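Residue numbers (our numbering): 869 to 1166. No residue lacks a Cβ here, since even glycine has one placed at the ideal position from N, Cα and C. Predicted model only: the values in this text are computed from it and were never measured.
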Amino acid sequence: MKTAVTKAVIPAAGFGTRMLPFTKAVPKELIPLVDKPVLQYVVEEAVASGIEDILIVISAGKEAIIRHFNPAPDLESRLEESGRHEMLAEIQSISKLARIHYVYQQKLRGLGDAVRLAENFAGDDPVAILLGDTVLDSASDRPVTGQLIDAYARCGTSVIALDEVPPEKVSRYGIADAEVAADGLLKLRDLLEKPSPERAPSRLAVTARYLFTPGIFAALRAVAPGLNGEVQLTDAVRLLLRREPVFGCRIAGRRFDLGSKAGFIAANVEFAMRRPELQEALGKQLKHLLFPETKLKN
């Protein structure tokens, strides 16, 4: 009988160098998507998928992440006194999303090392891994992490989210070499990290969400550090798929990478235009920027 998936890990220890100088003082995972931190979207996705316990991997200087998910008595009192009950309820709900735990990655030695820190947390259970700077907007009623959980229920082993990317973008991602399997899944033969378009076995890119059996931790312990002493999660997955089947699941949804400046701006515009209270005013501003001859009206 397969174990229910109720645990997730969110690596959030990196420097966020692509978003400097902003990330010099603010964790990249707390960059806002309109008025909500990216990391909160990720946590909400996990919770909506049935996750109950979340381990966030942080580093020194990222204590703002802990503060965001903790209660804020002074702020809550001020909102209560001023009668802003709707906002108060929203703020209070943040600290009640899930049981959130933290562990420090003392030295930033790669994504694989961050995941390895979750071994005691995961124990003998399967565990979902969600990258903390990427929002996945589901195209179905099931969040992307939930789609992986459903795939795990069918195959009973590790599953990785995959999404097809244009040829010019394959060099940005891990790319899957896979064959069609049962239940609409893909059985992985290999993973290539950021291959050139000529070397890429497909255009199926690893997409910021994973679901692993406990076997991933033995694989992480076995792989040697690579460039800059970093432990690569891709290397561990390549070892894991030689020990047990690993499947890919083509997601129903879109990826928003908030770790790049262009991605951050584009995502904010799109998410803002989905908000009825912002749509009209922002639409006018965008129209004026795109077509300067258009006069703005107050």
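Among the options, nearest to residue i - alpha-carbon criterion
i       : options                            : result
Leu1079 : Arg1067, Ala881, Leu1150, Leu1030  : Leu1030
Arg1057 : Pro1034, Thr1081, Thr1102          : Thr1102
Ala1130 : Gln1153, Val877, Pro895, Leu901    : Leu901
Glu1032 : Phe1159, Ile1084, Pro1082, Tyr1041 : Tyr1041
Ser1026 : Glu1061, Ser945, Glu1112, Pro1069  : Glu1112
Glu1036 : Ser1064, Asp1051, Cys1023, Lys1055 : Ser1064
Arg1010 : Leu1108, Glu1098, Ala1120          : Ala1120
Leu979  : Leu1054, Pro1093, Asn988, Ala1135  : Pro1093
Lys975  : Leu888, Ala893, Asn1096            : Asn1096
Tyr970  : Arg977, Glu958, Ala957, Leu985     : Leu985
Arg967  : Glu949, Val915, Gln1015            : Val915
Arg1110 : Gly1083, Asp1051, Glu987           : Gly1083
Gly918  : Ala957, Val873, Arg1118            : Val873
Arg1077 : Glu944, Glu1066, Ala1090, Ser1006  : Ser1006
Thr1075 : Gly1116, Gln1147, Leu888, Leu1157  : Gly1116
Ala996  : Arg977, Pro905, Thr1081, Gly1052   : Thr1081
Buried versus exposed, by CB contacts within 10 Å (16 or more), residue i
i       : result
Asp992  : exposed
Ile1133 : exposed
Phe1085 : buried
Val1214 : Since the first residue of the chain shown is 869 and the last is 1166, residue 1214 is not available in this structure.
Glu897  : buried
Lys930  : buried
Ile934  : exposed
Met955  : exposed
Thr871  : exposed
Val1048 : exposed
Ala1068 : buried
Expected contact under 8 Å - CB spacing of residue i and residue j to nearest Å
i       : j       : result
Asp981  : Val1099 : 4 Å
Leu1059 : Ala1087 : No, Leu1059 and Ala1087 are not in contact; Cβ-Cβ is about 12 Å, not under 8 Å.
Ser1070 : Ala1046 : 7 Å
Glu913  : Leu998  : 7 Å
Segment contact, 8 Å Cβ cut-off, at least three pairs: the segment 1106 to 1126 with the segment 997 to 1011:
yes
At 4 residues or longer, what runs of the alpha helix (DSSP H) sit wholly inside the segment 987 to 1040?
987 to 990, 1012 to 1023
Ranges of the beta strand (DSSP E) found wholly within the segment 1103 to 1154, counting only runs of at least 3
Taken in chain order, the unbroken stretches of beta strand (DSSP E) that lie wholly in the segment 1103 to 1154 and span 3 residues or more are 1114 to 1118, 1121 to 1125.
Inter-stretch contact (C-beta, 8 Å, three-pair minimum) for the segment 921 to 933 and the segment 879 to 887
yes
Write down every uninterrupted run of the beta strand (DSSP E) in the segment 927 to 975 whose length is 3 residues or greater and which is fully enclosed by it, in chain order.
967 to 972
On the three-pair Cβ rule with 8 Å, is the segment 926 to 940 touching the segment 958 to 970?
The count of Cβ pairs closer than 8 Å, one atom from the segment 926 to 940 and one from the segment 958 to 970, reaches three, so the stretches are in contact.
Quick one: any contact between the segment 1014 to 1023 and the segment 1139 to 1149, if contact means 3 or more CB pairs under 8 Å?
no
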